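Protein chains in written order, with our numbering: chain W, 1 to 160; chain Z, 1 to 151; chain G, 1 to 375; chain L, 1 to 362. Virtual Cβ for every residue (Gly too), placed ideally from N, Cα, C. The structure presented is a predicted model; accordingly, all values stated were derived computationally and were not measured. Remarks on the structure that follows.
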Amino acid sequence: MKSTINYIAEIFRAIWSLLTGMKVTAKYFFTPWNNVTQQYPENRDTLVMFDRFRGEVIMPHNENNEHKCTGCGICEINCPNGSIEIISKSIVNEEGKKKRIIDQHIYHLAMCTFCNLCVKTCPSEAIVMGQKFEHAYWNRTSMTKVLNQPGSKIMEGIKE
Amino acid sequence: MTNEQLIEKLSSAYPDAVVKQGNQYPEITVAHDKMHAFMQYLKSDSTMAFDYLVCESGVDYPAFIQVVYHLESTTHQHFLVVKANTENRETAVLDTVSDIWPTAEFHEDEIFDLLGITFTNHPHLRRLFLDETWGFPLRKDFHDDIHVVER
Amino acid sequence: MAEIKIITTDEIKTDEYLVNMGPQHPSTHGVLRLLVKLEGEIVHNVEPHVGYIHSGIEKMTEALSYPQIIHLTDRMDYLSAHMNNEAVCLCIENALQVEVPERVKYIRTIFDELQRLASHQLWWCASGMDLGALTAFFYGLRDREDILDIFEETCGARLTLNYSVPGGVMFDIHPNFQSKVKAFIKKFRKTLPEYDKLLTGNIIFQNRTKGVGVLSKEDAIAFGVTGPTGRASGFSCDVRKHHPYSAYPYIKFDEKLGTDGDSFMRWKLRMDEMWESLNIIEQLIDNIPEGDIAVKMKGVIKLPEGEFYQRVETGRGEFGVYIVSDGKKNPYRVKFRSPGFSNLFTINHIAKNWKIADLVAIMATFDLVIPDIDR
Amino acid sequence: MAFEKYDFTPLTQAIHKALIENVSPLLTTIIEWTIIGVLFLLFIAIFGLLLVYVERKVCAAFQQRLGPMRVGPWGLLQTIADFVKLLMKELITPKSVDKFLYNLAPFIVIIVPFLTISVIPFAPGLQALDFDIGIFFVTAVSSVGVIGVLLAGWASNNKYSLIGGMRSGAQIVSYELSVGMSLITMVILAGTMQISEIVELQRGGWFLFKGHIPAVLAFFVFVVAGTAETNRGPFDLAEAESELTAGFHTEYSGIKFAFFFLAEYINLFIVSAMATIVFLGGWMPFHFGDWAAFNNVMDFIPGLVWFFIKVFGIIFLIMWFKWTFPRLRIDQILTLEWKYLLPINLFNILLMATMVLLGWHW
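Here you go:
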């Protein structure tokens, strides 16, 4: 007799446990306004990344097309993946001294792991992390970027 | 047991082993032929009872390959680092401890795979990660022109 | 009358056959290959074959400087990225005898626990999916998103955080950090009981996991099974408790210990750990002391000659970093003791004579992350 | 009554009359068969696609997602696009399969819904075959599907498929019993196996209410066993994704896979339709006691609509099961059948028989 009662009680307990689970899913079924899906390409304009988001390395230029990069190569040394290449050139400045300045700051986005070490170690804060997150390209060469814009020069007052 | 007691006990029990206090934990270096018996002793001795092999790692030195055992006792909560050197780099052979701690079986597979130490009496020594075409990558003289780009 | 011969099941044994579960199998969560020997549905032998995602991190570290190593550890156990980062940082700080500011300790511990929560949430939803409850998968990911947003706001990355640096943390916490974490805790305290309602209490789930894949305490110790998996067997192995680091010495928390060591216990223990993590964060979040976020380190970090070992508790168990330094700017040898590696290889021991569906349940409750195993 | 005006009998009679007056009886039969066949083909194709869409949307809503949204408004054309894709896909036949059986299996699986659907009364007068052993026919024919599943599992020459096929075989053979028994319980109440008559008998009240406790029990068992018979979660062991990748149809591609897929959904419809017919009064509107006004309003809704409202209610219930529960293990599935559902069923038949004998039902 006792085993029969247990048998029936077990069935009811089992059904009850199933109903509790169904209650949870039903709660979400009937509250569709809580849905978490975002319609991505449509809501592109409303998407704001956090200001510290590490999307890609960029070199900010001011309105005079000037940047802060001295071409010291510390970022290149600190990059664990070799995704930064600094090509510098020698110029002769007004005082007649030979000076090495940056020619091309090459950034291989495809090799970057976004570890932030280059930005962190940059002595003149010339490179920062950008907010762009849509890094899909049709070919690999477009993932190699030159960060300093053509014709740009170094800002006044940046120490070597 | 405190570290001092542990060092004292071990140095009296195994006078020819090098016992010293390392940076964090007591360290003991045992000869490769006595290693297995020593490990057995570490586990079975009730005052030490090192029953938990935390980590087993191989290090390639110029003259020999070292296997480092990090041992902990779950009853006494003390920690010991045991080092065993192979005779030389060419015949890198050590006794297995997988009969003492089953977890060592797979750590030793890994060490065999990456450093090329052959563990005798190991039940199932095999390359764990890499296939047969590879050398032993964690050895310092390993060179791979295909996969490794050096700057 | 003809004699009736009674045939036992042993005598009508059929042939065993091999099934490759993986490297691309839905339940192995990555590229793990299990060579399963089956008789009908009964598992007779499981042989894990790893190495499909072996990336040679230990070899790579030998060519990198110490700060550069840290970002590689993100990619091992990607669900416990911050704990891995912290382990390397602590090891370096220990070697250099650097005392990090109190603020750093608090921030790191909060991050640890948030990361643990995120890891357990993903484990919860993924193992729900393994057991066939697909809806759980989305609920878990939904809640994990909140934590990832908190991470992203403070350190700019969601998964591969690379937040700890030798001597401190990379950024100060975001001004919104505390309020967001508190809001998350409040919200998650409400949704966590739903996890129990949906699966833990469910009769089908309990039948699937109770008594399945029992790992005894002795075996757990012998196989070096740590983390929630080991603690479910009663193996007290919480590094946070036994060898406290960062801010863990300052706080009160329980090390949850199980007794049964079956799949259900492993499940229950992780659920309990989520509650405990919430408690830990609550103790810390309002008390973050003011101060620097990093000690000034040398431009080129060189460790003194010697060997250094640091253990931390990740979402999966005990993570160890063993650094052998020869005094140069690159380490001589780095070994990562990953929890998943030791945990995985017990699977043959405990999945024997269970059904193939139980093997999936056991793997689900082991919470394996394959890059953690392969490194 | 008001809903009588939705009767399809005059329409079908008119067609029949027009045909028989103009062409020979043989040609009439052939034409009628063709019409019915084409209608069923269309119905199965369209309803299958609709069900796939509904399942996607329902499951998305349970999971706080939106589901398909890209193809067509609200993703309405998504399943059609998928179906077109499946139609155009290459049919890959793995090298080592048993070619004949491998190709045969999807057809056996798809035949079953075509056969069973013929006895389902969608609305008054809208039923292709009205046997006097209709219920028996449904239970008999629906067991054929398992042969297809077993063949698919065997012929694929894939271990996962084989395990899936064997699981499915064990499961369906067991649950056939429960489905049959719960239907028998209701047959005892109805006193007939003719489906049109069973529906007609529920004019005064649905059997679910008429037969009270045993009917509710039988309904519960039928829904559980029906879910199991359609191989749907939590009983989807045969294709258990996380264990067997896709189970018995792992090796199928293109339209052959679509057959399995379609058959699953049409079987879902048939199980729901049978539950509707036997327990919820088929196309009968919902009446509540003596509320004449309420009942009149209900009568204005056509029988076809009533039928589909009820069917979709049960389909939703079964989908709700699938998207909430974890999967059972093979031995637990058999335990559930042989240790719980079968004893309950046997007891239930006894109860129902006693009740009908003593006239305790309404």
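Assigned exposure category for residue i - 16 Cβ within 10 Å defines buried
{"i": "L/Y252", "result": "buried"}
{"i": "G/P175", "result": "exposed"}
{"i": "L/F347", "result": "exposed"}
{"i": "W/N116", "result": "buried"}
{"i": "L/Q202", "result": "buried"}
{"i": "W/M1", "result": "exposed"}
{"i": "Z/Y52", "result": "buried"}
{"i": "G/D262", "result": "buried"}
{"i": "G/L131", "result": "buried"}
Rounded C-alpha distance that separates residue i from residue j
{"i": "W/D51", "j": "W/V36", "result": "23 Å"}
{"i": "G/S369", "j": "G/P48", "result": "The amino acid occupying residue 369 of chain G in the given sequence is Val; Ser does not appear at that position. Roughly 14 Å between the two C-alpha positions."}
{"i": "L/G359", "j": "G/F264", "result": "49 Å"}
{"i": "L/T230", "j": "L/G169", "result": "12 Å"}
{"i": "L/M159", "j": "L/A152", "result": "For the record, residue 159 of chain L in the displayed sequence is Lys; it is not Met. Their backbone Cα atoms lie some 12 Å apart in a straight line."}
{"i": "G/E102", "j": "G/I301", "result": "22 Å"}
{"i": "L/L42", "j": "L/F107", "result": "17 Å"}
{"i": "G/C235", "j": "G/K217", "result": "First, the amino acid is wrong: residue 235 of chain G is Phe here, not Cys. For G/F235 and G/K217, the distance between alpha carbons rounds to 6 Å."}
{"i": "L/L183", "j": "L/F219", "result": "9 Å"}
{"i": "L/M284", "j": "L/V305", "result": "10 Å"}
{"i": "L/F261", "j": "L/F83", "result": "10 Å"}
{"i": "Z/P62", "j": "G/D146", "result": "50 Å"}
Other residues of its chain near residue i: CB distance less than 6 Å, five sequence neighbours each side excluded
{"i": "G/D377", "result": "There is no way to answer for residue 377 of chain G, as the model of chain G reaches only from 1 to 375."}
{"i": "L/E176", "result": "S143"}
{"i": "L/F286", "result": "M298"}
{"i": "L/I266", "result": "I44, G48 and P113"}
{"i": "G/K455", "result": "Missing from the structure shown is residue 455 of chain G; chain G here goes from 1 to 375 and no further."}
{"i": "G/R270", "result": "H120 and P228"}
{"i": "G/D367", "result": "W123 and R316"}
Partner residues on chain G for residue i, Cβ-Cβ distance less than 7 Å
{"i": "W/F53", "result": "E152 and G156"}
{"i": "Z/N121", "result": "Chain G residues near Z/N121: none, gap ~17 Å exceeds 7 Å."}
{"i": "Z/Y52", "result": "I221 and G224"}
Contact set for residue i: own chain, Cβ-Cβ below 8 Å, skip 5 residues either direction
{"i": "Z/H76", "result": "M1, T47, M48 and A49"}
{"i": "L/M1", "result": "Its pLDDT being 46, under 50, L/M1 is placed unreliably by the model, and the measurement read from it follows with that caveat. Result list for L/M1: D299, in chain order."}
Given residue i as reference, the closest of the options once Cα atoms are compared
{"i": "W/N49", "options": "G/K328, G/R266, G/C89 and G/G156", "result": "Checking the sequence, you will find Met at residue 49 of chain W rather than Asn. Closest by alpha carbon: G/G156."}
{"i": "G/V376", "options": "G/I203, G/L148 and G/G211", "result": "There is simply no residue 376 of chain G to check, as chain G begins at 1 and stops at 375 in what is shown."}
{"i": "G/I323", "options": "G/S27, G/E3, G/E93 and G/F184", "result": "G/E93"}
{"i": "L/W58", "options": "W/T70, W/T31 and W/I84", "result": "It is Val, not Trp, that sits at residue 58 of chain L in the sequence shown. Comparing Cα-Cα distances from L/V58 to each of W/T70, W/T31 and W/I84, the minimum goes to W/T31."}
{"i": "L/H212", "options": "L/F100, L/L87 and L/V356", "result": "L/V356"}
{"i": "L/F269", "options": "L/T29, L/A258, L/G226 and L/V221", "result": "L/G226"}
{"i": "L/I36", "options": "L/L26, L/E264 and L/T12", "result": "L/T12"}
{"i": "L/R65", "options": "G/I57, G/Y17, G/L96 and G/A136", "result": "G/A136"}
{"i": "L/K322", "options": "L/S24, L/L350 and L/D236", "result": "L/D236"}
{"i": "L/M166", "options": "L/I147, L/Y53 and L/S178", "result": "L/I147"}
{"i": "G/F319", "options": "G/N85, G/A95 and G/I150", "result": "G/N85"}
{"i": "G/E153", "options": "G/L141, G/I173, G/N162 and G/L134", "result": "G/I173"}
{"i": "G/F308", "options": "Z/N23, Z/H78 and Z/Y69", "result": "Z/N23"}
{"i": "Z/A92", "options": "Z/E72, Z/L128 and Z/H32", "result": "Z/H32"}
Where residue i meets chain L, residues with beta-carbon distance less than 9 Å
{"i": "G/R208", "result": "P326, R327, L328, R329 and Q332"}
{"i": "G/K355", "result": "R329, I330 and D331"}
{"i": "G/R108", "result": "Ordered by position in chain L, no residue passes the 9 Å Cβ test against G/R108, which lies about 33 Å from the chain."}
Own chain residues within Cβ distance below 7 Å of residue i, not counting five before or after
{"i": "G/T191", "result": "D143"}
{"i": "Z/I100", "result": "M39, Q40 and K43"}
{"i": "W/Y7", "result": "none"}
Partners in chain Z for residue i, counting only beta-carbon separations shorter than 7 Å
{"i": "G/V324", "result": "V59"}
{"i": "G/V50", "result": "L128 and F129"}
{"i": "G/R337", "result": "V54 and C55"}
Contact test: residue i Cβ vs the ligand GDP heavy atom, cutoff 7 Å
{"i": "Z/E8", "result": "As presented, the structure is devoid of all ligands, the ligand GDP included, so that no description of it is given."}
Interface partners of residue i on chain G, CB under 8 Å
{"i": "Z/T138", "result": "The displayed chain sequence assigns Leu, not Thr, to residue 138 of chain Z. Near Z/L138 (Cβ distances below 8 Å), the residues of chain G are E58, K59 and R333."}
Contacts of residue i in chain W (Cβ-Cβ under 9 Å)
{"i": "L/R65", "result": "N35, V36 and T37"}
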